[in-house]
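Numbering (this note's numbering), first residue to last: 727 to 956. All remarks here apply to the structure that follows.
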Amino acid sequence: MFGCGTAAARSPIAALFGRRGAAYTAEEMTDDAIAVLDALGWESAHLFGVSLGGAIAQRIAIRHPGRVRTLTTMSAVPGDAAGLETIRYVRLSTLVKLSRLKFPDTVEGDIESGVAVARLISSPGYPFDERSSREAITRIADAGVRDARSQSRQIGAQWHGPPISMIKAPTLVLHGEGDPLIRPSAARRIAVRVPGARLRILPGVGHELPEPVWDTIVGEVLGLRSCRPS
């Protein structure tokens with residue numbers, strides 16, 4: 727679904743700095759998500775996006791406002807950030823660690839790679855549940871974690887649309903206080919720029935959704951319903 731065109735192989739880190747290619751745009755990524763809604767027969771939906779998904783959700787709320795009931799963006803950079811502007815929000819030391827992970831090109835290697843990534847971005851305030859993580863990753867094991875080409879294409883997808891200040895949907899911005907990949911300043915910036923957005927920084931949470939905070943997150947998301955215009 728996310729593959730298209732051709733793109734030179736490069737690391738995700740280089741994709742943040744380098745000149746953006748035309749093989750895949752951020753607009754296409756947002757339209758892919760809307761195609762899923764169309765396939766389901768849904769006129770609109772409550773969007774919840776994490777990490778890159780959070781940036782995409784912001785862009786959907788701009789590009790397809792009539793399809794978005796509420797927007798929750800978590801562990802994400804501003805959806806209109808690009809290049810060096812993005813770097814200010816990213817912990818490069820973690821990206822370097824991710825880029826150095828090497829595992830065999832096998833199903834077992836994919837699983838071990840996924841577990842290693844999950845451990846690296848886990849929440850410092852909560853024990854890492856390796857058993858649950860391994861079980862989940864085993865069910866959906868693929869080469870995505872090791873696929874630098876696909877990661878670079880998605881990270882480097884350029885947004886040509888309006889700024890996030892144009893978002894009209896009731897918006898919730900969530901971020902882990904201990905996120906090892908994206909700095910909480912990214913969430914604060916989103917909350918300042920999106921009109922009426924509510925910010926919640928989650929203590930002890932990393933670049934994931936640890937089970938002990940699920941109820942808190944659900945409560946925050948449900949609270950958006952009262953903010954939705956009639």
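Virtual Cβ for every residue (Gly too), placed ideally from N, Cα, C. These figures come from a predicted structure and were not determined experimentally.
- Non-local beta-carbon contacts of methionine 800 in its own chain, meaning distances under 6 Å to residues more than five positions away in sequence, involve Val776, Gly780 and Leu900 in chain order.
- Between glycine 887 and glutamate 754, the CB-CB gap reaches or exceeds 8 Å.
- Following the DSSP letters along the chain, one finds isoleucine 916 inside the alpha helix (DSSP H) bounded by residues 910-919.
- Under DSSP, histidine 901 takes part in a beta bridge, and its partners are Ile927.
- According to the DSSP assignment, glycine 945 belongs to the alpha helix (DSSP H) that extends over 940-948.
- Between the alpha carbons of arginine 914 and proline 804 lies a gap of roughly 10 Å.
- Excluding the 5 residues flanking it on each side, tryptophan 885 has same chain C-beta neighbours closer than 8 Å at Thr751, Ala752, Glu753, Arg785, Gly805, Asp806 and Ala808, in chain order.
- The three-state secondary structure of threonine 864, taken from DSSP, is helix.
- If one requires a minimum length of 4 residues, the alpha helix (DSSP H) runs lying completely within the region 746-781 are 752-766, in chain order.
- About 7 Å separates the Cβ atoms of leucine 824 and leucine 846, confirming a contact at the 8 Å cut-off.
- The Cβ atoms of leucine 935 and isoleucine 943 sit closer than 8 Å to each other.
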